């Protein structure tokens, strides 16, 4: 599932919105983002004008954040938290 980050929307808010859409839950039901990634640091990285990809795993889903989108990959496609990427 891919979520387009809206103009003026922070990356951390976009991640919460994408997770809510992916799980078909209201954004308030998405667990605290700071349990998996530092929201201010994520926002600062993504606000950078260059090409950037931030990738992390949350509850069996891989979350990939770029400067303009959040992509969520299903559990079977997610990178394992215990196995580093090659």
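In the working numbering, the protein residues as written are 227 to 312. Cβ atoms here follow ideal geometry from the backbone N, Cα and C, with glycine treated the same way. Remember, predicted model here, so these are calculated numbers, not experimental data.
Which one or two residues does DSSP pair with residue 248 in a beta bridge?
-> Within the chain shown, the letter at position 22 stands for residue 248. Residue 248 is not bridged to any residue.
Residue 236 (DSSP reduced to helix, strand or coil) | One-based indexing of the chain shown puts residue 236 at position 10. Residue 236 falls in the coil class under three-state DSSP.
Are there 16 or more other CB atoms within 10 angstroms of the CB of residue 267, so buried, or fewer, so exposed?
-> For the purposes of this step, residue 267 is taken as the residue at position 41 of the chain shown. The residue is exposed, with fewer than 16 neighbouring Cβ atoms inside 10 Å.
Mind checking residue 278: buried by the 16 CB within 10 Å criterion, or exposed?
-> To locate residue 278, count along the chain shown from 1; it is residue 52. Answer is exposed; the Cβ neighbour count stays below 16.
Note down the Cα distance separating residue 291 from residue 283, rounded to an integer number of angstroms.
-> Taking the chain shown and counting its residues from 1, the one referred to as residue 291 is at position 65. Taking the chain shown and counting its residues from 1, the one referred to as residue 283 is at position 57. Their Cα atoms are separated by approximately 11 Å.
Compare the C-alpha of residue 234 against each of 299, 273, 288 and name the closest.
-> Stepping through the chain shown from its first residue, residue 234 is reached at position 8. The residue with the shortest Cα to Cα distance from residue 234 is 273.
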